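Below you'll find the structure, written out as structure tokens, and then a few comments.
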Amino acid sequence: MMLIPCPFCGHRNESEFTYGGPVKPDRPDPNATSDEDWVEYLTTVPNPFGPVQERWWHARGCGTWLTIWRDTRTHDIVEGPSDAE
Amino acid sequence: MSYDAAFERLPINACFDLKGTESALVEWIGAEVLPDFPAEANCCRKADGVSLEHVGPRHWLLQADIDREDDLNGALRPHEAPAEVSIVRISDTMTTFRITGTDAAHVLAIGCPLDLHEAAFPEDAVSFTEFFGQTALARHCVGGFDVSVEQSFGDMMEDYLKRALR
Ligand SMILES: [Zn+2]
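Protein sequence lines correspond, in order, to chains L and A. By the count of our numbering, the first sequence reaches residue 85 at its end, each step adding exactly one. By the count of our numbering, the second sequence reaches residue 1166 at its end, each step adding exactly one.
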């Protein structure tokens, strides 16, 4: 079980949240990037052995979207949300 | 085990969903209609039988007895509201269960992950959370808690609560 820090509600049980996926790099301009980099952007999901930045939605709560850094080895939230939207 | 608790399904409340900044809402509705806005998150203020609940960023619920609904609707004028605010009458979208008794918090804890201790969930607290897997609005009542769920889950929640209490 994880307690996820919501900027509005404070720490809440993970069951109140919906996973929004890892934060992806900015979308490159498809006309200015190589095919290789474009395919990499489209198909590779960040999946590090360690901290990953990801989005969560406080769906059964206040409705806020937030971004955290979660360590995939321990489930520790190593950096809380700096955003409140 | 059996709990020292009981539940009842309450008649519907007048309930309006308000979105927008405090200043935009006060400008449209008029300060005299509303209780003071609770500045704190997940907190309510009550005045003159009306409860104003801060349930999300720029998101509030206004609740009162159902016989106040027409008056409030007239004051809030949902269909004429300016673009900066959203006002929706949602009275009949939720059904509320009142759970009371010495063990009311234990019964809630079966289906709700909220920390219900006084320090974390004080008397004026109100929050969306989950109850038996569904989105629910939880708040205190005299001797226990009121939990509102979407109306279509009402019968299912009643079954859960009956099982929890038997
Ligand atoms: Zn929240």
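Glycine included, each C-beta is placed from N, C-alpha and C at the ideal position. Small disclaimer: the values here were computed from a predicted structure and weren't measured.
TODO: Starting from the Cα of T44 of chain L, find the closest Cα among L:G80, L:A32, L:D71 and L:R27 and give me that residue.
DONE: Working through the first sequence from its first residue, we reach residue 44 of chain L at position 44. Residue L:R27 is the option with its Cα nearest to T44 of chain L.
Open item on the list: Less than 7 Å between CB atoms is the rule here; does E36 of chain L satisfy it with respect to chain A?
Closed with: Here residue 36 of chain L refers to the residue found at position 36 of the first sequence. E36 of chain L does not count as touching chain A.
Open item on the list: For S1091 of chain A, list the residues DSSP reports as bridge partners.
Closed with: Within the second sequence, the letter at position 91 stands for residue 1091 of chain A. None, per the DSSP bridge assignment.
- [ ] Could you please go through the chain and list the residues whose beta-carbon is closer than 6 Å to any non-hydrogen atom of ligand 1?
- [x] The chain-ordered list of residues whose CB is nearer than 6 Å to some heavy atom of ligand 1 reads L:C6, L:F8, L:C9, L:H58, L:G61, L:C62 and L:T64.
TODO: Round the Cβ separation of L1152 of chain A and A1136 of chain A to the nearest angstrom and send it over; I've been treating them as touching at under 8 Å.
DONE: Locating residue 1152 of chain A in the second sequence gives position 152, where the first residue counts as 1. Locating residue 1136 of chain A in the second sequence gives position 136, where the first residue counts as 1. Here residue 1152 of chain A is Ser; the residue named in the question, Leu, does not match the sequence. Contact between S1152 of chain A and A1136 of chain A is absent: CB atoms are separated by about 13 Å, not below the 8 Å threshold.
- [ ] Would you list, in chain order, the members of the region 1112-1141 of chain A that have their beta-carbon closer than 7 Å to a beta-carbon of chain L?
- [x] Answer set for the region 1112-1141 of chain A: P1113, S1127, F1128, T1129, E1130 and T1135.
- [ ] Give the residues of chain L in contact with A1006 of chain A, contact being defined as C-beta atoms less than 7 Å apart.
- [x] For the purposes of this step, residue 1006 of chain A is taken as residue 6 along the second sequence, with counting starting at 1. When 7 Å is used as the limit between beta carbons, A1006 of chain A is near no residue of chain L, the shortest such separation being about 26 Å.
- [ ] Using the Cα positions of D1159 of chain A and T1100 of chain A, report the straight-line distance between them to the nearest angstrom.
- [x] Counting from one through the second sequence, the residue named residue 1159 of chain A turns up at place 159. Counting from one through the second sequence, the residue named residue 1100 of chain A turns up at place 100. Answer to the nearest angstrom: the Cα atoms are 17 Å apart.
Open item on the list: Once DSSP output is grouped into helix, strand and coil, what is the label at I1049 of chain A?
Closed with: The residue labelled residue 1049 of chain A in the question sits at position 49 within the second sequence. Strictly speaking, residue 1049 of chain A in this sequence is Gly, with Ile absent from that position. The answer is coil: DSSP assigns G1049 of chain A none of H, G, I, E or B.
Task: 7 Å Cβ cutoff met for G61 of chain L and E14 of chain L - done: In the first sequence, the residue the question calls residue 61 of chain L occupies position 61. In the first sequence, the residue the question calls residue 14 of chain L occupies position 14. No Cβ-Cβ contact shorter than 7 Å links G61 of chain L with E14 of chain L.
- [ ] Taking C-beta pairs closer than 8 Å, name the residues in chain L that A1075 of chain A reaches, listed in chain order.
- [x] Taking the first residue of the second sequence as 1, we reach residue 1075 of chain A at position 75. Those do not exist, as A1075 of chain A stays about 26 Å from chain L at its closest Cβ, beyond 8 Å.
- [ ] Note down, in chain order, all residues in the region 1038-1058 of chain A with a beta-carbon under 7 Å from any beta-carbon belonging to chain L.
- [x] Cβ contacts with chain L: A1041, N1042, V1055, G1056 and P1057.
Task: Spatial neighbours of E85 of chain L in its chain, beta-carbon cut-off 8 Å, leaving aside the 5 residues before and after - done: The residue you call residue 85 of chain L lines up with position 85 of the first sequence. Its pLDDT being 43, under 50, E85 of chain L is placed unreliably in this model, and the value from its coordinates should be taken loosely. The answer, listed in chain order, is T64 and W65.
Open item on the list: Using the Cβ count rule (16 or more neighbours within 10 Å means buried), how would you classify G1030 of chain A?
Closed with: The count along the second sequence starts at 1 and reaches residue 1030 of chain A at position 30. Label assigned to G1030 of chain A: exposed.
Open item on the list: Give me the DSSP bridge partner(s) of Q1151 of chain A.
Closed with: Residue numbering aside, residue 1151 of chain A sits at position 151 when the second sequence is read from its first letter. DSSP, once it has assigned bridges, lists no residue as partnering Q1151 of chain A.
TODO: Would you mind reading off the limits of the beta strand (DSSP E) that contains L1018 of chain A?
DONE: Residue 1018 of chain A sits at position 18 when you count from the first residue of the second sequence. Run containing L1018 of chain A: A1014 to K1019, per the beta strand (DSSP E) assignment.
Open item on the list: Closest to H1079 of chain A by C-alpha separation, out of A:R1098, A:D1103, A:V1107 and A:D1017, would be which residue?
Closed with: Within the second sequence, numbered from 1, the residue matching residue 1079 of chain A stands at position 79. Closest by alpha carbon: A:D1017.
Open item on the list: Less than 7 Å between C-beta atoms, sequence neighbours within five positions excluded: which residues of the same chain meet that for D71 of chain L?
Closed with: Residue mapping note: residue 71 of chain L aligns to position 71 of the first sequence, counting from 1. Here the set comprises G50, P51 and V78.
- [ ] Ignore the nearest five residues each way along the sequence and tell me which others in P81 of chain L's own chain have a CB closer than 7 Å to its CB.
- [x] Stepping through the first sequence from its first residue, residue 81 of chain L is reached at position 81. Excluding positions up to five away in sequence, the list reads P5, P7, L66, T67 and I68.
Open item on the list: Does any residue of chain A have a CB that is nearer than 7 Å to the CB of D17 of chain L?
Closed with: If you number the first sequence from 1, residue 17 of chain L lands on position 17. For the record, residue 17 of chain L in the displayed sequence is Phe; it is not Asp. No, F17 of chain L lies away from the interface with chain A (no Cβ there is under 7 Å from its Cβ).
Task: Where the beta strand (DSSP E) containing Y19 of chain L begins and where it ends - done: If you number the first sequence from 1, residue 19 of chain L lands on position 19. Residues T18 to P22.
- [ ] Name the residue from A:K1046, A:R1163, A:E1150 and A:K1162 whose alpha carbon lies nearest to the alpha carbon of T1173 of chain A.
- [x] Examination of residue 1173 of chain A is not possible in this model, given that chain A is present from 1001 through 1166 alone.
Task: Those residues which DSSP pairs with H1059 of chain A across a bridge - done: Residue numbering aside, residue 1059 of chain A sits at position 59 when the second sequence is read from its first letter. According to DSSP, H1059 of chain A bridges with A:K1019 and A:G1056.
Open item on the list: Between L:G21, L:P22, L:M2 and L:Y41, which has its C-alpha nearest D29 of chain L's C-alpha?
Closed with: Translated into positions along the first sequence, residue 29 of chain L becomes position 29. Restricting attention to L:G21, L:P22, L:M2 and L:Y41, the CA atom closest to the CA of D29 of chain L is found in L:Y41.
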